[in-house]
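Taking it in order: structure first as structure tokens, then the write-up.
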Amino acid sequence: MFRLNKSVIKSVTGRRFFTVVGWDRSVTERAKILQGLNVDKRNLASAERKQRTFTDRSQLKYARRLVIKLGSAVITREDGNGLALGRLASIIEQVAECHHEGRECIMVSSGAVAFGRQKLTQELLMSLSMRETLSPSDHTREDAGSILDPRAAAAVGQSELMAMYDAMFSQYNVKIAQVLVTKPDFYNEETKKNLFCTLSELISLNIVPIVNTNDAVSPPMYIHDDTVVPGTGKKGLGIKDNDSLSALLAAEIQSDLLIMMSDVDGIYNKPPWEDGARMMHTYTSKEKDQVQFGQKSKVGTGGMDSKVNAATWAMARGVSVVICNGMQEKAIKTIISGRKVGTFFTDCATTSPTSVDVLAENARTGSRVLQTLSAADRASAIYALADKLVEKQDLILEANSKDLEKATKEGLAAPLLSRLSLSPSKLKTLSIGLKQIADSSHENVGRVLRKTKLAENLVLRQVTVPIGVLLVIFESRPDSLPQVAALAIASGNGLLLKGGKEAANSNKALIELVKESLRTVGADDAISLVSTREEISDLLCMENHIDLIIPRGSSELVRSIQKQSQHIPVLGHAEGICHVYVDKDADHFKALKIVRDSKCDYPAACNAMETLLIHEDHVPGTLFNDICNMLKKEGVKIHAGPKLSSQLTFGPPAARSMKFEYGAMECCIEIVQDMDGAIDHIHKFGSSHTDVIVTENECTAKRFLTAVDSACVFHNVSSRFADGFRFGLGAEVGISTARIHARGPVGVEGLLTTKWILEGTDHTAAEFNEGKRTWLHETLPVN
Numbered sequence: 001m002f003r004l005n006k007s008v009i010k011s012v013t014g015r016r017f018f019t020v021v022g023w024d025r026s027v028t029e030r031a032k033i034l035q036g037l038n039v040d041k042r043n044l045a046s047a048e049r050k051q052r053t054f055t056d057r058s059q060l061k062y063a064r065r066l067v068i069k070l071g072s073a074v075i076t077r078e079d080g081n082g083l084a085l086g087r088l089a090s091i092i093e094q095v096a097e098c099h100h101e102g103r104e105c106i107m108v109s110s111g112a113v114a115f116g117r118q119k120l121t122q123e124l125l126m127s128l129s130m131r132e133t134l135s136p137s138d139h140t141r142e143d144a145g146s147i148l149d150p151r152a153a154a155a156v157g158q159s160e161l162m163a164m165y166d167a168m169f170s171q172y173n174v175k176i177a178q179v180l181v182t183k184p185d186f187y188n189e190e191t192k193k194n195l196f197c198t199l200s201e202l203i204s205l206n207i208v209p210i211v212n213t214n215d216a217v218s219p220p221m222y223i224h225d226d227t228v229v230p231g232t233g234k235k236g237l238g239i240k241d242n243d244s245l246s247a248l249l250a251a252e253i254q255s256d257l258l259i260m261m262s263d264v265d266g267i268y269n270k271p272p273w274e275d276g277a278r279m280m281h282t283y284t285s286k287e288k289d290q291v292q293f294g295q296k297s298k299v300g301t302g303g304m305d306s307k308v309n310a311a312t313w314a315m316a317r318g319v320s321v322v323i324c325n326g327m328q329e330k331a332i333k334t335i336i337s338g339r340k341v342g343t344f345f346t347d348c349a350t351t352s353p354t355s356v357d358v359l360a361e362n363a364r365t366g367s368r369v370l371q372t373l374s375a376a377d378r379a380s381a382i383y384a385l386a387d388k389l390v391e392k393q394d395l396i397l398e399a400n401s402k403d404l405e406k407a408t409k410e411g412l413a414a415p416l417l418s419r420l421s422l423s424p425s426k427l428k429t430l431s432i433g434l435k436q437i438a439d440s441s442h443e444n445v446g447r448v449l450r451k452t453k454l455a456e457n458l459v460l461r462q463v464t465v466p467i468g469v470l471l472v473i474f475e476s477r478p479d480s481l482p483q484v485a486a487l488a489i490a491s492g493n494g495l496l497l498k499g500g501k502e503a504a505n506s507n508k509a510l511i512e513l514v515k516e517s518l519r520t521v522g523a524d525d526a527i528s529l530v531s532t533r534e535e536i537s538d539l540l541c542m543e544n545h546i547d548l549i550i551p552r553g554s555s556e557l558v559r560s561i562q563k564q565s566q567h568i569p570v571l572g573h574a575e576g577i578c579h580v581y582v583d584k585d586a587d588h589f590k591a592l593k594i595v596r597d598s599k600c601d602y603p604a605a606c607n608a609m610e611t612l613l614i615h616e617d618h619v620p621g622t623l624f625n626d627i628c629n630m631l632k633k634e635g636v637k638i639h640a641g642p643k644l645s646s647q648l649t650f651g652p653p654a655a656r657s658m659k660f661e662y663g664a665m666e667c668c669i670e671i672v673q674d675m676d677g678a679i680d681h682i683h684k685f686g687s688s689h690t691d692v693i694v695t696e697n698e699c700t701a702k703r704f705l706t707a708v709d710s711a712c713v714f715h716n717v718s719s720r721f722a723d724g725f726r727f728g729l730g731a732e733v734g735i736s737t738a739r740i741h742a743r744g745p746v747g748v749e750g751l752l753t754t755k756w757i758l759e760g761t762d763h764t765a766a767e768f769n770e771g772k773r774t775w776l777h778e779t780l781p782v783n
């Protein structure tokens, strides 16, 4: 495809580039002109390079020449009464932004016939009513509209449509031009040459062309076109509607990207209202036979088959195509950013053979297989996985070493390298934890929580069931993968895992072991690793497939997920600002031991101490100094809180914030007046994760444990105990600071919800209302 960079454009001084090097010239002619303009060899090679479609959505941001087609359903309001001005304003704003970014934009706009018919229908109804020839009881607006010639409607609507476009684009200092075409313009060499010379000149003048078929003189759009291209004997693309017009135009001008905006989200394998309909986010010509087409749009002339035919025709000629819903907010900019919006047409797709949508559907099906298995079968799959972690540790560690080597070369931070690293001891601990999960799996799915005899022979049970499909997003912690997989198996949930690229090799090796273990119970599709190029933002929009998102990683990751996910609940914590409060009645030795472990055992963990609160009575004594000296000896950088700083002439640097997660060998020390002061501080600056009191006063401890509103509250133990394995849960999918559903380390129970099962004989509600049956509401034992 022929392209120029900015340096080339600057070299063409005093002349319009697209007029000099027109689309109507051959590549050889253009190359000769470029040579005469001193274009370097790299740009010449670019000019001679054969045009190919983009292979991945992430490449769409590089699209320089855009054709944007607006269908009638996008242009007009749903009730048919005029234009959808708010929607159009948003689309025009996006086109203007693309234009000002330096992209070459051409619009193909429908709506002239529909807009004109709406206006003429109003006039016709008024006229006929005045002559008393139209009875409201016998005729309708549709009757009046149906007798209107579409050519006349187009003639009226076209001028109105362009006036609207001109007014809206002028708000962004963008000039537009109307270009009306007919079918012969494409099949007559002279008119075709003139058309594209006009378009090239308009773009060179920084004007956005708005193209439409001249429906005032063209044959009706619904007539099938078998036009043969003169001199070739081959059938061309019939211009039956603006879908085919935009495709033909995009191919002729060698557009990078054609965006076809209509009232559909994209291409489905069958009409969306039918059972089994599935959105196809990526479409290649090989998949054409998999699509069943439904009815045409109620407003426009082009049905879904027309859109697919036009898109595949353009795709075969080197144009990437996206069919999307023009009613979606910021659709154009979202598509160009690489997000998974609409259906992306390409014959060079490099995405995984199995799309993430299919993986999610498989996870749903796999979940239903898992929950119908016996507890023993689910446990056997987990035992198999636990054994494979030890038996195949050489394979796992070899893959992990590749990740570590690459991460080291790329300068990954030391705490992240620590999380990324696997070892025989880690794998052994993982195996033990997985077997703990397996041992308790009989207590999970199908457990009766409540049983009530509502009436004679009418028994209600509340039982535990899986949530459905989980999406767990984690960064450089491959050990998370088998832990979460085991919890999903035990709870009967389907699972999608999205790991960080730094652990790609480790995750690939581990997911194979998970698949092998699931295969033993016939549920190998229940858990999958998402390794396609879908962005996390795309996964967060899959509310029809995913029921719960669990992010595991940095506070930045968790906050980002919580912010982006609008329709799928997120379980997790954004920060782990954990406190240790050393009370006035604390034991000296215990305080030193607990503070050291809380901060130094694993400083990157979310349950590591970030702020140490010390009762003011200890500041003049030896405990304060001993704690500070111990932390310094361990290599911990100390920051002083405001109250501590005010009492020290020379001391540690002031903390940047009292609400800060260091995640490293750093912490803040602050003094408090008493336990109430410590509690107030925790509630003001904490993150409701894990908070600890060190004291020998049982009354003080009891009040602290009751009053502190955190997911985990401890007495005389390290904050590092906030962990699923240490709690005896076997493992955890994460630690939740939410106040609904699960809280703290989340094991199997946190991945279950409930359903109600009611069994009777021939009971009806009316019988109770009529007094034929009597309510009992008797609580029964659950066993």
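First residue of the sequence shown: 1, per the working numbering; consecutive thereafter. Beta carbons: idealized from backbone N, C-alpha and C, even for Gly. Nothing here was measured: the structure is a model prediction, and the numbers come from that model.
Spatial distance of Ser506 from Met630 (CA atoms): Locating residue 506 in the sequence shown gives position 506, counting from the first residue. Locating residue 630 in the sequence shown gives position 630, counting from the first residue. Each residue's alpha carbon lies about 37 Å from the other.
Local conformation of Gly494 per DSSP, three classes: For this step, residue 494 is matched to residue 494 along the sequence shown. Reduced to three states, the DSSP call for Gly494 is strand.
Simplified DSSP state of Met304, which is helix, strand or coil: Counting from 1 along the sequence shown, the entry for residue 304 is found at position 304. Helix at Met304.
C-beta atoms of Glu436 and Phe725 nearer than 9 Å: Counted from its first residue, the sequence shown places residue 436 at position 436. Counted from its first residue, the sequence shown places residue 725 at position 725. Checking the sequence, you will find Gln at residue 436 rather than Glu. In contact: Gln436 and Phe725 (Cβ atoms closer than 9 Å).
For Val319, the nearest candidate out of Asp357, Gln328, Leu248 (CA to CA): Position 319 of the sequence shown, counted from the first residue, corresponds to residue 319. When only C-alpha atoms are compared, the closest one is Leu248.
Burial state of Arg419, where buried means 16 or more other Cβ atoms lie within 10 Å: Here residue 419 refers to the residue found at position 419 of the sequence shown. That one is buried.
Rounded separation between Ser784 and Met609 - CA only: Within the shown structure, residues of the chain are numbered from 1 to 783, placing residue 784 beyond reach of any answer.
Reduced DSSP category for Gly22 - H, G, I as helix; E, B as strand; rest coil: By 1-based counting over the sequence shown, the position of residue 22 is 22. Low confidence applies to Gly22: its pLDDT is 42, below 50, so where it sits in the model is not reliable enough to give any reading.
Coarse secondary structure for Trp313, derived from DSSP in three states: Numbered from its first residue, the sequence shown carries residue 313 at position 313. Three-state DSSP puts Trp313 in a helix.
Where Ser297 sits in the DSSP three-state scheme: Counted from its first residue, the sequence shown places residue 297 at position 297. Residue confidence is low: Ser297 scores 46 on pLDDT, short of 50, so the model does not pin down where it sits. Its coordinate-derived value is still stated next. Ser297: coil per DSSP, three-state reduction.
Beta-bridge pairing of Leu470 - partner residues as DSSP gives them: Within the sequence shown, the letter at position 470 stands for residue 470. Leu495, Leu548.
Identity of the residues DSSP links to Val459 by a beta bridge: Taking the sequence shown and counting its residues from 1, the one referred to as residue 459 is at position 459. Val459 is bridged to Lys453, Glu759.
Assumed close pair Val208, Ile176 - CB separation to whole angstroms, cut-off 8 Å: For the purposes of this step, residue 208 is identified with residue 208 of the sequence shown, where counting begins at 1. For the purposes of this step, residue 176 is identified with residue 176 of the sequence shown, where counting begins at 1. Going by Cβ atoms, the distance from Val208 to Ile176 rounds to 5 Å, so yes, they are a contact pair.
Close-in-space but distant-in-sequence residues of the same chain around Ala438 (CB under 6 Å, 5 per side omitted): Along the sequence shown, one-based indexing puts residue 438 at 438. If you ignore the 5 residues before and after Ala438, its C-beta comes within less than 6 Å of the C-beta of Ala379, Ile382, Tyr383, all in its own chain and listed in chain order.
C-beta neighbour in chain B for Gly266, strict 9 Å: Protein chain content of the structure displayed is limited to a single chain, and chain B is not contained in it.
Glu778 - DSSP class collapsed to helix/strand/coil: What you label residue 778 is simply residue 778 of the sequence shown in a count that begins at 1. Of the three classes helix, strand and coil, the one that applies to Glu778 here is strand, per DSSP.
Beta strand (DSSP E) runs wholly inside the segment 539-616, at least 3 long, in chain order: 548-552, 578-582, 609-615
Inside the segment 615-652 only - alpha helix (DSSP H) runs reaching at least 4 residues: 622-633, 642-647
At least 3 beta-carbon pairs within less than 8 Å: the segment 89-101 vs the segment 326-343: yes
Inter-residue spacing [alpha-carbon to alpha-carbon] between Ala478 and Leu180: Looking up residue 478 in the sequence shown gives position 478. Looking up residue 180 in the sequence shown gives position 180. Ala is not the amino acid found at residue 478; the sequence shown has Pro there. Distance between the alpha carbons of Pro478 and Leu180: 59 Å.
Assigned exposure category for Pro620 - 16 Cβ within 10 Å defines buried: Within the sequence shown, residue 620 is the residue found at index 620, counting from 1. Exposed, since its Cβ has fewer than 16 Cβ neighbours within 10 Å.
Arg720 versus Thr700, Ala640, Asn607, Arg656, residue with shortest Cα-Cα distance: Taking the first residue of the sequence shown as 1, we reach residue 720 at position 720. Closest option to Arg720, Cα to Cα, is Asn607.
Residue range of the beta strand (DSSP E) that includes Ala177: For this step, residue 177 is matched to residue 177 along the sequence shown. 175-181 is the extent of the beta strand (DSSP E) around Ala177.
6 Å Cβ shell around Gly635 - same chain, five flanking residues per side excluded: The residue labelled residue 635 in the question sits at position 635 within the sequence shown. Contacts found: Met665.
Given Cys628 as reference, the closest of Leu416, Asp538, Ile669 once Cα atoms are compared: Within the sequence shown, the letter at position 628 stands for residue 628. It is Ile669 whose Cα lies nearest to the Cα of Cys628.
For Glu104, the three-state DSSP class (helix, strand or coil): Start at 1 with the first residue of the sequence shown, and residue 104 comes out as number 104. Strand.
Local conformation of Asn43 per DSSP, three classes: To locate residue 43, count along the sequence shown from 1; it is residue 43. Legend: pLDDT at Asn43 = 40, less than 50; position of this residue unreliable, value from coordinates given subsequently. Here Asn43 sits in helix by DSSP.
Start-to-end residues for the alpha helix (DSSP H) that takes in Lys69: As a position in the sequence shown, residue 69 is number 69, starting the count at 1. Where Lys69 is concerned, there is no enclosing alpha helix (DSSP H), although the beta strand (DSSP E) it sits in stretches over 65-70.
Three-pair Cβ contact test at 8 Å for the segment 495-505 versus the segment 469-477: yes
Bridge-paired residues (DSSP) for Ala488: Taking the sequence shown and counting its residues from 1, the one referred to as residue 488 is at position 488. Bridge partners of Ala488: none, in fact.
For Asn194, the first and last residue of its enclosing beta strand (DSSP E): By one-based count along the sequence shown, residue 194 stands at place 194. The continuous stretches of beta strand (DSSP E) do not include Asn194, which lies in the alpha helix (DSSP H) extending over residues 189-204.
DSSP three-state assignment for Asp723, whether helix, strand or coil: Here residue 723 corresponds to residue number 723 of the sequence shown, with the count starting at 1. The answer is coil: DSSP assigns Asp723 none of H, G, I, E or B.
The segment 740-755 / the segment 448-464 touching (three or more Cβ pairs under 8 Å): yes
Exposure of Leu705, with buried meaning 16 or more beta-carbon neighbours within 10 Å: Translated into the one-based positions of the sequence shown, residue 705 becomes position 705. Leu705 should be labelled exposed.
Selection from Ala360, Ala504, Ala73, Ala455 that minimises the alpha carbon distance to Glu398: Numbered from 1 along the sequence shown, position 398 holds the residue referred to as residue 398. Selected option, being the one with the closest Cα: Ala504.
Cutoff 8 Å; reference Asp709; Cβ partners in own chain excluding five residues on either side: As a first step, residue 709 must be located in the sequence shown, where it is residue number 709. So the qualifying residues of the chain are His683, Ser688.
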